[in-house]
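Position one of the sequence shown corresponds to residue 712 (the working numbering), numbered consecutively onward. Built from N, CA and C at the ideal position, the CB exists for glycine as well. Below is one structure; the comments refer to it alone.
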Amino acid sequence: MNKTYIYSYAIVAFLLFSSFKGSTECEYAGANIDFARTKTEKAIAIDDINQARYLAYKALNAIEKSKKQLEICGCEFAEQNLLEGLKNLKLATKATTLDATRIYLLRSLENTMGSLNALQDHHLHKVKFNESMAIIDTVDTASNGSATAKKPVKLLYQKIDASLEKYSVSLSKVVETVNCKEARAFTSRIIEHCEKELLRDNLSEGKIYYNLRTKEITLAAHRRIGTCAAK
Numbered sequence: 712m713n714k715t716y717i718y719s720y721a722i723v724a725f726l727l728f729s730s731f732k733g734s735t736e737c738e739y740a741g742a743n744i745d746f747a748r749t750k751t752e753k754a755i756a757i758d759d760i761n762q763a764r765y766l767a768y769k770a771l772n773a774i775e776k777s778k779k780q781l782e783i784c785g786c787e788f789a790e791q792n793l794l795e796g797l798k799n800l801k802l803a804t805k806a807t808t809l810d811a812t813r814i815y816l817l818r819s820l821e822n823t824m825g826s827l828n829a830l831q832d833h834h835l836h837k838v839k840f841n842e843s844m845a846i847i848d849t850v851d852t853a854s855n856g857s858a859t860a861k862k863p864v865k866l867l868y869q870k871i872d873a874s875l876e877k878y879s880v881s882l883s884k885v886v887e888t889v890n891c892k893e894a895r896a897f898t899s900r901i902i903e904h905c906e907k908e909l910l911r912d913n914l915s916e917g918k919i920y921y922n923l924r925t926k927e928i929t930l931a932a933h934r935r936i937g938t939c940a941a942k
């Protein structure tokens with residue numbers, strides 16, 4: 712075993728061991744955030760404001776538990792989305808009408824999904840980096856790196872699609888039940904946010920796909936709402 716290989720192996724081993732704690736915290740945070748997402752979806756679907764608030768508190772508690780874990784995980788995008796989601800959940804618990812509660816819950820759901828997407832993307836970057844480092848002294852590095860990169864990217868897309876299916880259901884519930892102008896204002900906000908994100912030049916494949924699909928789903932709902940002129 713030559714010195715170059717030994718040195719490269721030592722770097723990989725150090726990186727793997729030093730990132731283990733962060734990866735574990737990312738997984739714990741992801742589990743709590745996914746729990747919050749589920750409770751938020753249930754809160755949107757329910758027709759009783761007190762029950763909706765109760766579920767919002769459940770989601771809020773799960774997100775509070777994730778803040779420290781995300782800090783250790785080191786995924787800034789997930790942390791930003793989570794804090795925004797937390798703010799909207801708090802507003803949902805204070806809203807005085809079911810319509811307003813649902814709007815804030817849907818905003819929080821969009822934030823929570825963005826946080827989960829960022830976490831999955833964060834994990835994907837680590838996977839691709841570790842794979843490329845692990846094969847640093849092999850002849851077919853380029854071909855292996857290309858083949859292995861496709862699998863986690865495809866899995867990420869599948870997870871995004873599954874998450875957005877549930878977002879679409881929650882969005883439809885809001886469009887059907889909430890005041891037209893409030894629903895239209897919400898969809899406009901999400902569309903504008905996605906368009907703004909897509910203008911950034913440092914987006915990963917996962918974030919591009921997430922924002923394109925979120926915009927597509929929200930735009931379809933926005934068109935169903937109409938102009939609200941006769942509503």
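First and last residue of the uninterrupted alpha helix (DSSP H) at residue i
i, result
"A803", "787-805"
"T929", "916-936"
"C939", "Taken as a continuous stretch (DSSP letters only), C939 belongs to no alpha helix (DSSP H), as it is neither H nor E."
Environment of residue i [buried if 16+ CB atoms lie within 10 Å]
i, result
"V885", "buried"
"A763", "buried"
"T751", "buried"
"R934", "exposed"
"L866", "exposed"
"F728", "Note that F728 scores 40 on pLDDT, short of 50, meaning its location in the model is unreliable and no value can be drawn from it."
"A770", "buried"
"L882", "buried"
"L875", "buried"
"I757", "buried"
"A894", "buried"
"D872", "exposed"
"A932", "buried"
Residue i - DSSP class collapsed to helix/strand/coil
i, result
"T749", "helix"
"L781", "helix"
"A889", "Inspection of the sequence shows that residue 889 is occupied by Val rather than by Ala. Coil at V889, not helix or strand."
"D810", "helix"
"R709", "Shown here, the chain extends from 712 to 942; a query on residue 709 therefore has no answer."
"I757", "coil"
"T849", "Only weak support is given to the placement of T849: the predicted model assigns it a pLDDT of 43, under 50, and the question is left unresolved by the model."
Nearest-angstrom Cβ-Cβ length linking residue i and residue j, presumed shorter than 8 Å
i, j, result
"A767", "T735", "About 28 Å separates the two Cβ atoms, so there is no contact after all."
"I744", "I774", "7 Å"
"T898", "T929", "5 Å"
"N822", "Y921", "Contact doesn't hold; Cβ gap of about 13 Å is too wide."
"N799", "S777", "15 Å between Cβ atoms; not a contact."
"A754", "L816", "5 Å"
"N772", "G825", "In fact, because the Cβ distance is near 20 Å, the residues do not count as touching under 8 Å."
"L781", "E790", "5 Å"
- Message: Would the stretch 805-816 count as touching the stretch 738-749 if we require 3 or more Cβ pairs under 8 Å?
- Response: They do not touch, by the three-pair rule.
- Query: For the stretch 890-907 against the stretch 919-931, are there 3 or more C-beta pairs whose distance is under 8 Å?
  - Reply: Yes, the stretch 890-907 touches the stretch 919-931.
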